[in-house]
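Here is the structure we will look at.
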Amino acid sequence: MNSDNANLHPVFDRLLFRADKEYLLKQHSKVLWMTGLSGSGKSSIAIELEKELHNRGFVTQVLDGDNVRTGINNDLGFSPEERLENIRRIAEISKLFVNCGIITINCFVSPTKVIRDLARKIIGDDDFIEIYVNAPVEICEQRDVKGLYKRARDGKINDLTGIQAPFEPPMYPAIEIKTDILTVDQSVNKIIKFIIPLIRK
1 MNSDNANLHP
11 VFDRLLFRAD
21 KEYLLKQHSK
31 VLWMTGLSGS
41 GKSSIAIELE
51 KELHNRGFVT
61 QVLDGDNVRT
71 GINNDLGFSP
81 EERLENIRRI
91 AEISKLFVNC
101 GIITINCFVS
111 PTKVIRDLAR
121 KIIGDDDFIE
131 IYVNAPVEIC
141 EQRDVKGLYK
151 RARDGKINDL
161 TGIQAPFEPP
171 MYPAIEIKTD
181 ILTVDQSVNK
191 IIKFIIPLIR
201 K
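Numbering-wise, this note's numbering puts 161 at position 161 of the sequence shown, and it's gapless, one number per residue.
Below is the structure:
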């Protein structure tokens, strides 16, 4: 046994069950995992999606890439190993929210299949709803809401996904949102139609 873990005494078996919390909240908890390039619209959709779900009586929590990196993951950079650790931590946090009965809306580039598969494995396939927020890199670059693409083109960023680093689109996402075609409201409506039967108790 790892000596660091020798004095650990988990109490999982004595805690309230997820079903108890879902009953209290009158909802089924899920993780809505939005993946896509920077500038594709993930955060904009998440903000409006949370408002719509709140108005319908659902309890939610948004986890956004920038917010997480200023807090719990502020010690991580953007190397492949650090990206993987970033997602591992986020997935573990998401799993805690799910076990509390809370619907979690996640906005992360999560650019590779390996990274997303890690998140899915930690959270659990039944609770992981993959949403591909799909916008061509040309559209994302036109928006460039954070100035990342300009900095990448100017050589000030060396690992921006979509420019110097690859993005692997999900092969079979539960939902695909093409934000070069759909507005934010249309995108939210498409997600709502899909998830309401899954989260309504």
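For each residue, glycine too, the CB sits at the ideal point set by N, CA and C.
Fewer than three pairs of CB atoms, one per stretch, sit closer than 8 Å, so the stretch 78–96 makes no contact with the stretch 171–180.
If you draw a 10 Å sphere on the C-beta of asparagine 134, you find 16 or more other C-beta atoms in it, and that means buried. In this structure the stretch 177–184 does not lie against the stretch 118–129, because fewer than three pairs of beta carbons, one per stretch, are closer than 8 Å. Within its own chain, the residues whose Cβ lies closer than 7 Å to the Cβ of leucine 25, once the five positions on either side in sequence are excluded, are Val59 and Gly101, listed in chain order. For cysteine 140, the uninterrupted alpha helix (DSSP H) run begins and ends at 137–143, by DSSP. A straight-line Cα-Cα distance of about 32 Å links proline 166 and leucine 198.
Per DSSP, reduced to three states, the secondary structure at tyrosine 23 is helical.
With a 10 Å radius around the Cβ and a threshold of 16 neighbouring Cβ atoms, phenylalanine 108 comes out buried.
Fully enclosed alpha helix (DSSP H) runs of no fewer than 4 residues occupy 113–123, 137–143 and 148–153 of the stretch 106–170, in order along the chain. In the structure shown, valine 188 falls within a helical segment according to DSSP collapsed to helix, strand and coil. The Cβ atoms of valine 137 and leucine 37 sit closer than 8 Å to each other. When only Cα atoms are considered, leucine 63 and asparagine 74 end up about 14 Å apart.
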